[in-house]
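Please read the structure below before turning to the comments.
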Amino acid sequence: MVSVAAPRACSIHQDEAHPAADLPAKAEIEHLGFHYGARQALKDINLRIAENRVTALIGPSGCGKSTLLRCLNRMHDLYPGNRYAGRIILHPEQIDLIGPGIEPMEVRMRISMVFQKPNPFPKSIYENVAYGLRIRGVNARSVLDERVESTLRGAALWDEVKDRLHDSALGLSGGQQQRLCIARALATDPEMLLFDEPTAALDPRATRKIEDLIGELRQRVTILIVTHNMQQAARVSDFTALMYLGELVEFDRTATIFTNPSKKLTEEYVTGRFG
(Lines of atoms letter the chains of each structure in order from A and count residues from 1; the text may use other names and numbers.)
(Lines give C-alpha, C1' and ligand atoms only; values in the text may rest on other atoms or scores of the structure.)
Protein backbone atom coordinates (compact mmCIF):
# COMPACT_ATOMS: atom_id res chain seq x y z
CA MET A 1 0.00 0.00 0.00
CA VAL A 2 1.32 3.41 -0.94
CA SER A 3 1.09 5.96 1.86
CA VAL A 4 0.49 9.61 1.09
CA ALA A 5 -0.13 12.56 3.31
CA ALA A 6 -3.46 12.38 5.11
CA PRO A 7 -6.03 14.89 3.95
CA ARG A 8 -6.44 18.14 5.79
CA ALA A 9 -8.78 17.87 8.78
CA CYS A 10 -12.32 18.85 7.94
CA SER A 11 -15.61 19.36 9.71
CA ILE A 12 -17.37 16.02 9.95
CA HIS A 13 -21.12 15.75 10.42
CA GLN A 14 -22.78 12.40 11.01
CA ASP A 15 -25.85 11.54 8.96
CA GLU A 16 -29.24 11.48 10.65
CA ALA A 17 -30.40 8.32 8.82
CA HIS A 18 -28.73 5.33 10.43
CA PRO A 19 -27.91 2.22 8.35
CA ALA A 20 -28.70 -0.14 11.25
CA ALA A 21 -32.01 1.52 12.12
CA ASP A 22 -34.03 -1.44 10.83
CA LEU A 23 -32.31 -3.89 13.22
CA PRO A 24 -32.63 -4.30 16.99
CA ALA A 25 -29.92 -2.32 18.78
CA LYS A 26 -27.68 -3.86 21.42
CA ALA A 27 -26.03 -0.56 22.28
CA GLU A 28 -26.42 3.08 21.30
CA ILE A 29 -23.54 5.51 21.67
CA GLU A 30 -24.83 9.06 22.06
CA HIS A 31 -22.62 12.16 21.85
CA LEU A 32 -19.71 10.26 23.36
CA GLY A 33 -16.60 12.20 24.21
CA PHE A 34 -13.51 10.97 25.99
CA HIS A 35 -10.45 12.67 27.46
CA TYR A 36 -7.09 11.24 28.49
CA GLY A 37 -6.43 13.91 31.07
CA ALA A 38 -6.40 17.18 29.15
CA ARG A 39 -6.27 15.54 25.70
CA GLN A 40 -9.56 14.90 23.94
CA ALA A 41 -9.45 11.56 22.11
CA LEU A 42 -13.11 11.16 21.07
CA LYS A 43 -15.45 13.91 19.87
CA ASP A 44 -19.24 13.61 19.78
CA ILE A 45 -19.49 9.98 18.62
CA ASN A 46 -22.96 8.70 17.73
CA LEU A 47 -23.23 5.04 16.76
CA ARG A 48 -25.95 2.39 16.87
CA ILE A 49 -24.58 -1.13 17.32
CA ALA A 50 -26.91 -3.77 15.89
CA GLU A 51 -27.61 -6.84 18.00
CA ASN A 52 -26.03 -10.13 16.88
CA ARG A 53 -24.10 -8.46 14.10
CA VAL A 54 -20.41 -7.70 13.62
CA THR A 55 -19.45 -4.03 13.49
CA ALA A 56 -15.90 -3.13 12.42
CA LEU A 57 -14.04 0.03 13.44
CA ILE A 58 -11.41 1.08 10.90
CA GLY A 59 -9.15 4.10 10.50
CA PRO A 60 -5.49 5.13 10.71
CA SER A 61 -3.42 4.63 13.84
CA GLY A 62 -4.30 7.06 16.61
CA CYS A 63 -7.76 7.87 15.27
CA GLY A 64 -9.63 6.69 18.38
CA LYS A 65 -10.73 3.15 17.43
CA SER A 66 -9.33 1.36 20.46
CA THR A 67 -10.26 4.27 22.71
CA LEU A 68 -13.88 3.92 21.61
CA LEU A 69 -13.78 0.15 22.07
CA ARG A 70 -12.49 0.47 25.62
CA CYS A 71 -15.20 2.94 26.55
CA LEU A 72 -17.79 0.21 26.15
CA ASN A 73 -16.40 -1.97 28.93
CA ARG A 74 -14.96 0.81 31.08
CA MET A 75 -11.32 -0.23 30.63
CA HIS A 76 -10.35 3.44 30.88
CA ASP A 77 -11.46 3.45 34.51
CA LEU A 78 -8.31 1.50 35.38
CA TYR A 79 -6.25 4.68 34.92
CA PRO A 80 -6.65 8.00 36.76
CA GLY A 81 -7.48 11.27 35.04
CA ASN A 82 -9.64 9.85 32.24
CA ARG A 83 -13.19 11.07 31.77
CA TYR A 84 -16.25 10.41 29.64
CA ALA A 85 -19.01 12.61 28.24
CA GLY A 86 -22.29 11.55 26.65
CA ARG A 87 -23.97 8.18 27.08
CA ILE A 88 -23.57 4.51 26.08
CA ILE A 89 -26.96 2.84 26.38
CA LEU A 90 -27.06 -0.96 26.69
CA HIS A 91 -30.31 -2.62 25.62
CA PRO A 92 -32.75 -4.01 26.54
CA GLU A 93 -32.42 -2.50 30.03
CA GLN A 94 -31.39 0.91 28.67
CA ILE A 95 -28.55 1.16 31.17
CA ASP A 96 -26.05 3.98 30.66
CA LEU A 97 -22.76 2.09 30.89
CA ILE A 98 -20.76 5.21 31.73
CA GLY A 99 -23.38 6.69 34.02
CA PRO A 100 -22.92 7.27 37.77
CA GLY A 101 -23.42 4.27 40.01
CA ILE A 102 -22.59 1.69 37.33
CA GLU A 103 -20.02 -0.83 38.56
CA PRO A 104 -17.21 -1.23 35.97
CA MET A 105 -16.49 -4.86 36.92
CA GLU A 106 -20.09 -5.83 36.22
CA VAL A 107 -19.90 -4.01 32.87
CA ARG A 108 -16.82 -6.08 31.99
CA MET A 109 -18.66 -9.30 32.80
CA ARG A 110 -21.40 -8.34 30.35
CA ILE A 111 -19.06 -6.88 27.72
CA SER A 112 -15.91 -8.98 27.37
CA MET A 113 -12.75 -8.03 25.52
CA VAL A 114 -10.08 -9.87 23.53
CA PHE A 115 -6.82 -7.99 22.99
CA GLN A 116 -4.33 -7.78 20.12
CA LYS A 117 -1.73 -9.99 21.77
CA PRO A 118 -2.92 -13.27 23.34
CA ASN A 119 -2.76 -12.84 27.10
CA PRO A 120 -3.57 -16.15 28.81
CA PHE A 121 -3.10 -16.18 32.55
CA PRO A 122 -0.15 -18.23 33.89
CA LYS A 123 -2.61 -20.92 34.91
CA SER A 124 -3.92 -24.14 33.42
CA ILE A 125 -6.14 -24.12 30.34
CA TYR A 126 -9.04 -25.13 32.58
CA GLU A 127 -8.47 -22.37 35.12
CA ASN A 128 -8.15 -19.72 32.40
CA VAL A 129 -11.67 -20.48 31.26
CA ALA A 130 -13.04 -20.92 34.78
CA TYR A 131 -11.53 -17.66 36.05
CA GLY A 132 -14.47 -15.35 35.40
CA LEU A 133 -16.95 -17.90 36.73
CA ARG A 134 -15.00 -18.22 39.98
CA ILE A 135 -15.04 -14.42 40.33
CA ARG A 136 -18.82 -14.63 40.08
CA GLY A 137 -18.87 -17.19 42.89
CA VAL A 138 -19.34 -20.31 40.77
CA ASN A 139 -17.27 -23.09 42.34
CA ALA A 140 -19.30 -26.27 41.85
CA ARG A 141 -17.05 -28.65 39.95
CA SER A 142 -19.84 -30.08 37.82
CA VAL A 143 -20.93 -26.61 36.72
CA LEU A 144 -17.35 -25.52 35.98
CA ASP A 145 -16.61 -28.70 34.05
CA GLU A 146 -19.69 -28.28 31.87
CA ARG A 147 -19.02 -24.59 31.28
CA VAL A 148 -15.34 -25.07 30.48
CA GLU A 149 -16.13 -27.75 27.92
CA SER A 150 -19.01 -25.87 26.29
CA THR A 151 -17.02 -22.66 26.10
CA LEU A 152 -13.92 -24.32 24.66
CA ARG A 153 -16.19 -25.97 22.08
CA GLY A 154 -17.67 -22.57 21.34
CA ALA A 155 -14.17 -21.22 20.74
CA ALA A 156 -13.33 -24.18 18.42
CA LEU A 157 -10.58 -25.32 20.79
CA TRP A 158 -11.98 -28.30 22.71
CA ASP A 159 -10.75 -31.05 20.38
CA GLU A 160 -7.22 -29.64 20.51
CA VAL A 161 -6.94 -29.34 24.30
CA LYS A 162 -9.42 -31.78 25.89
CA ASP A 163 -6.62 -34.16 26.90
CA ARG A 164 -4.47 -31.47 28.52
CA LEU A 165 -6.88 -29.19 30.33
CA HIS A 166 -4.63 -29.03 33.38
CA ASP A 167 -1.48 -28.16 31.45
CA SER A 168 -0.25 -24.58 31.40
CA ALA A 169 -2.00 -22.33 28.91
CA LEU A 170 1.38 -20.82 28.10
CA GLY A 171 2.30 -24.02 26.26
CA LEU A 172 -0.30 -23.41 23.54
CA SER A 173 0.52 -21.92 20.16
CA GLY A 174 -0.25 -18.25 19.55
CA GLY A 175 -3.45 -19.01 17.66
CA GLN A 176 -4.58 -21.48 20.32
CA GLN A 177 -3.83 -18.94 23.05
CA GLN A 178 -5.99 -16.37 21.29
CA ARG A 179 -8.86 -18.84 20.98
CA LEU A 180 -8.40 -19.64 24.67
CA CYS A 181 -8.71 -15.92 25.43
CA ILE A 182 -11.92 -15.89 23.41
CA ALA A 183 -13.17 -18.90 25.42
CA ARG A 184 -12.28 -17.08 28.64
CA ALA A 185 -14.19 -14.02 27.41
CA LEU A 186 -17.22 -16.15 26.53
CA ALA A 187 -17.30 -18.08 29.80
CA THR A 188 -19.33 -15.44 31.65
CA ASP A 189 -21.91 -15.47 28.84
CA PRO A 190 -21.35 -11.84 27.77
CA GLU A 191 -23.82 -9.89 25.70
CA MET A 192 -21.11 -8.16 23.67
CA LEU A 193 -17.61 -9.22 22.66
CA LEU A 194 -14.97 -6.61 21.85
CA PHE A 195 -12.00 -7.53 19.66
CA ASP A 196 -9.01 -5.19 19.50
CA GLU A 197 -6.90 -6.27 16.49
CA PRO A 198 -7.38 -9.93 17.49
CA THR A 199 -5.30 -11.41 14.66
CA ALA A 200 -2.52 -8.83 14.35
CA ALA A 201 0.00 -11.15 16.04
CA LEU A 202 -1.14 -14.34 14.28
CA ASP A 203 -0.12 -16.17 11.11
CA PRO A 204 -2.58 -16.50 8.19
CA ARG A 205 -3.80 -19.96 9.22
CA ALA A 206 -4.55 -18.88 12.80
CA THR A 207 -6.13 -15.68 11.46
CA ARG A 208 -8.51 -17.71 9.31
CA LYS A 209 -9.60 -19.76 12.33
CA ILE A 210 -10.31 -16.63 14.36
CA GLU A 211 -12.27 -15.08 11.49
CA ASP A 212 -14.31 -18.26 11.04
CA LEU A 213 -14.97 -18.26 14.77
CA ILE A 214 -16.18 -14.65 14.66
CA GLY A 215 -18.63 -15.68 11.94
CA GLU A 216 -20.00 -18.43 14.18
CA LEU A 217 -20.13 -16.30 17.33
CA ARG A 218 -22.33 -13.62 15.75
CA GLN A 219 -25.21 -16.04 16.15
CA ARG A 220 -25.05 -15.67 19.94
CA VAL A 221 -23.27 -12.42 20.78
CA THR A 222 -22.93 -8.88 19.43
CA ILE A 223 -19.38 -8.20 18.21
CA LEU A 224 -17.39 -5.00 17.79
CA ILE A 225 -13.96 -5.40 16.19
CA VAL A 226 -11.10 -2.96 15.65
CA THR A 227 -8.91 -3.86 12.68
CA HIS A 228 -6.33 -2.21 10.45
CA ASN A 229 -6.85 -4.96 7.88
CA MET A 230 -9.30 -3.73 5.25
CA GLN A 231 -9.77 -7.23 3.82
CA GLN A 232 -10.57 -8.57 7.27
CA ALA A 233 -13.18 -5.88 7.89
CA ALA A 234 -14.76 -6.73 4.53
CA ARG A 235 -14.75 -10.45 5.31
CA VAL A 236 -16.10 -10.55 8.84
CA SER A 237 -18.31 -7.50 9.45
CA ASP A 238 -21.88 -6.54 8.66
CA PHE A 239 -21.31 -2.84 9.36
CA THR A 240 -18.18 -0.69 9.24
CA ALA A 241 -17.38 2.66 10.83
CA LEU A 242 -14.45 4.82 9.70
CA MET A 243 -12.86 7.00 12.35
CA TYR A 244 -10.42 9.87 11.86
CA LEU A 245 -8.94 12.31 14.39
CA GLY A 246 -11.29 11.10 17.12
CA GLU A 247 -14.44 11.59 15.04
CA LEU A 248 -16.79 9.21 13.29
CA VAL A 249 -16.47 9.98 9.57
CA GLU A 250 -18.91 7.48 8.08
CA PHE A 251 -20.91 4.45 9.16
CA ASP A 252 -22.75 2.08 6.86
CA ARG A 253 -23.18 -1.50 5.80
CA THR A 254 -19.76 -2.93 5.07
CA ALA A 255 -20.48 -3.56 1.38
CA THR A 256 -21.43 0.10 0.96
CA ILE A 257 -18.36 1.41 2.78
CA PHE A 258 -16.05 -0.56 0.51
CA THR A 259 -17.86 -0.13 -2.79
CA ASN A 260 -19.84 3.10 -2.63
CA PRO A 261 -18.91 5.29 0.34
CA SER A 262 -20.61 8.66 0.63
CA LYS A 263 -17.59 10.56 2.00
CA LYS A 264 -14.44 11.34 0.03
CA LEU A 265 -12.35 10.70 3.13
CA THR A 266 -13.75 7.17 3.37
CA GLU A 267 -12.99 6.48 -0.28
CA GLU A 268 -9.42 7.70 0.14
CA TYR A 269 -8.87 5.51 3.18
CA VAL A 270 -10.34 2.25 1.89
CA THR A 271 -8.49 2.63 -1.42
CA GLY A 272 -5.17 3.13 0.36
CA ARG A 273 -4.56 6.76 -0.53
CA PHE A 274 -3.74 7.50 3.09
CA GLY A 275 -3.45 5.66 6.38
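Count the sequence shown with the numbering used here and you get residues 771 to 1045, in order. The beta-carbon is built from N, C-alpha and C at its ideal position, and this holds for glycine as well.
In the segment 985–1013, which residue ranges form an unbroken beta strand (DSSP E) of at least 3 residues, counting only runs that do not cross its ends? 992–996
Please report the residue range of the alpha helix (DSSP H) in which residue 845 lies. Run containing residue 845: none; DSSP gives neither H nor E here.
Taking residue 997 as the reference, which of 1037, 980 and 804 has the closest Cα? 980
Mind listing, in chain order, the continuous alpha helix (DSSP H) runs of no fewer than 4 residues lying wholly within the segment 860–919? 874–880 and 895–905
Using the three-state DSSP reduction, which class does residue 825 fall into: helix, strand or coil? strand
Could you tell me whether the segment 852–867 touches the segment 1018–1033, using the rule of 3 or more Cβ pairs below 8 Å? With a cut-off of 8 Å, the segment 1018–1033 and the segment 852–867 do not count as touching, because too few Cβ pairs lie within range.
Grouping DSSP H, G and I as helix and E and B as strand, with all else coil, what is residue 941? helix
So, with DSSP's three-state summary, where would you put residue 1044? coil
Does DSSP put residue 1032 in a helix, in a strand, or in coil? coil
Span of the alpha helix (DSSP H) holding residue 929? 928–931
Inter-residue Cα distance where the pair is residue 841 and residue 898: 24 Å
Thinking C-beta only, is residue 949 closer than 7 Å to residue 925? Against a cut-off of 7 Å, the Cβ pair of residue 949 and residue 925 comes out as a contact.
Taking 8 Å as the threshold, find out whether the segment 831–838 comes into contact with the segment 866–875 through three or more Cβ pairs. no
When the Cα atoms are used, what is the spatial distance from residue 890 to residue 982? 21 Å
Counting Cβ pairs, one atom from each stretch, are 3 or more of them under 8 Å apart for the segment 1012–1024 and the segment 842–851? no
Sub-7 Å separation of residue 984 and residue 826 beta-carbons: no
Bridge partners for residue 802 per DSSP, in chain order? 815
Residue 856, DSSP secondary structure in three states: The three-state reading of DSSP puts residue 856 in strand, counting E and B together.
Compare the C-alpha of residue 1003 against each of 909, 823 and 904 and name the closest. 823
Out of 800, 882, 942 and 865, which one is the CA nearest neighbour of residue 960? 882
CB-CB length for residue 813 against residue 992, believed under 8 Å: Not really, about 24 Å apart at Cβ, beyond 8 Å.
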